[in-house]
Amino acid sequence: MYKTVADRLENCSKVILVHGNADMDAIGSAFALSEAFGDMTIYAPNGIDRVAKMVADKMGIDIHDDVNLTQFERVIVVDTSSPDQLTDSKDLTFPEDTIVIDHHVPSGKWKEENLLCDTTKVACTQIVLRIIKASGRKITKTIGLALIGGMITDGGHFQFATSELLRDFADVMEEANIDMDEAFALTKSEIGMSERIAMMKCVERSRFERVGDMIVAVAIGGSFEASGCRALLTSGADVAFVASQRDDSFRLSARTSQDIVRRGLHLGEILKGLGTETCTEGGGHGGAAGMSGIGDAEAMLHMCLKRTMDVFREIKKSSENKN
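In the working numbering, the protein residues as written are 4 to 326.
Take a look at the structure:
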């Protein structure tokens, strides 16, 4: 499948799309493909996040916020489980042969025959690495930095790393001649004052529930939802949900520790299920996930809280039965 996708990227004009508020894994995947195969425009319909923007500035990555898909011979989508994550206006029309490269739990909204999805991969850049290798191209230093940037961020700076991700990381470092300090410097940045304040407000506004030795916390935030989740985890929560309201729409981020994932909680499955029930868009990984759409942020947080407590009770019951 990797070689098939690589062959379809040869000798044609291409546009590659990334999900709204695109992260480093999405931008790294897109840029690595662009550098490897050429003649490719990166399109971010709903912008990119702070770290991705910082890396794009450092590496000189040209990202467009408005393009005409019909001007390109091939359309590719990376790190995006559903077309709903690409635009609020729903006015994008995707060709039948659109290539989708992803590592999230499939939403069923992409054509299966054009979907290259491997949910065992921690980062989408791991899949992109295999596509580039299948084409016989060399992993240059620029491509390598883009690839390992995605591995570092989606791997939670290796807290969520698998042995396969560590091998991929080492292989890219060796082939592209990248030192560890260069790898981490790529995504390192000082936290701005507005983000620091947003994190503190999340802690102040939070509420929590406990089942056994497990705590789930939720909070309304004005921005920096993922950073708010990290602040709640640092404060003592095992699972954190932070949501923000923008007119009729909401955006929600969720984070947990790898220990809780091992015990049986999967945030991606929780938010995918809630997204289906509420006609919104949810999903992600075991330890990090998100949800967005039309709805009330407070109500969504309440559902996340209750659903997580249900899982906590199942974990507690299972543990008691074993003992």
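Where is the CB? At the ideal position from N, CA and C, for every residue including glycine.
Can you tell me which of the three DSSP states residue i falls into?
{"i": "Gly286", "result": "strand"}
{"i": "Met217", "result": "strand"}
{"i": "Gln88", "result": "helix"}
{"i": "Thr44", "result": "strand"}
{"i": "Phe97", "result": "coil"}
Report the rounded CA-to-CA distance for residue i versus residue j, giving the unit in angstroms.
{"i": "Ala201", "j": "Ala240", "result": "17 Å"}
{"i": "Met43", "j": "Asp250", "result": "35 Å"}
{"i": "Leu132", "j": "Val54", "result": "21 Å"}
{"i": "Asp313", "j": "Tyr46", "result": "39 Å"}
{"i": "Thr143", "j": "Gly50", "result": "27 Å"}
{"i": "Thr190", "j": "Thr237", "result": "21 Å"}
{"i": "Thr259", "j": "Leu36", "result": "31 Å"}
{"i": "Ser92", "j": "Ala186", "result": "Any reading at Ser92 must be qualified, since the residue scores a pLDDT of 45, below 50, and its modelled position is unreliable; no value is offered."}
{"i": "Arg310", "j": "Phe75", "result": "43 Å"}
{"i": "Ile134", "j": "Gly231", "result": "35 Å"}
{"i": "Ile30", "j": "Val18", "result": "13 Å"}
{"i": "Ala173", "j": "Ser247", "result": "38 Å"}
{"i": "Arg199", "j": "Ala234", "result": "9 Å"}
Just curious, the beta strand (DSSP E) that residue i is in, first and last residue?
{"i": "Cys127", "result": "First-last for Cys127: Cys127 to Ala137, but that is the alpha helix (DSSP H), not the beta strand (DSSP E)."}
{"i": "Ile64", "result": "No beta strand (DSSP E) contains Ile64, which DSSP labels as neither H nor E."}
{"i": "Gln248", "result": "Val242 to Arg249"}
{"i": "Phe161", "result": "That residue, Phe161, is in no beta strand (DSSP E); it is neither H nor E in DSSP."}
{"i": "Gly276", "result": "Per DSSP, Gly276 belongs to no beta strand (DSSP E); it is in the alpha helix (DSSP H), Leu270 to Thr281."}
How far does the alpha helix (DSSP H) with residue i in it reach, from first residue to last?
{"i": "Leu150", "result": "Lys144 to Asp157"}
{"i": "Ile51", "result": "Premise fails: Ile51 is in no alpha helix (DSSP H) and is neither H nor E."}
{"i": "Thr311", "result": "Ala300 to Lys325"}
Please confirm whether residue i and residue j have their CB atoms less than 8 Å apart.
{"i": "Ile3", "j": "Arg11", "result": "Past the boundaries of the shown model lies residue 3; the chain is included only from 4 to 326, so the question cannot be answered."}
{"i": "Ile263", "j": "Val245", "result": "no"}
{"i": "Gly286", "j": "Gly296", "result": "no"}
{"i": "Ser192", "j": "Ala229", "result": "no"}
{"i": "Gly152", "j": "Val21", "result": "no"}
{"i": "Ile79", "j": "Phe34", "result": "no"}
{"i": "His107", "j": "Ala126", "result": "no"}
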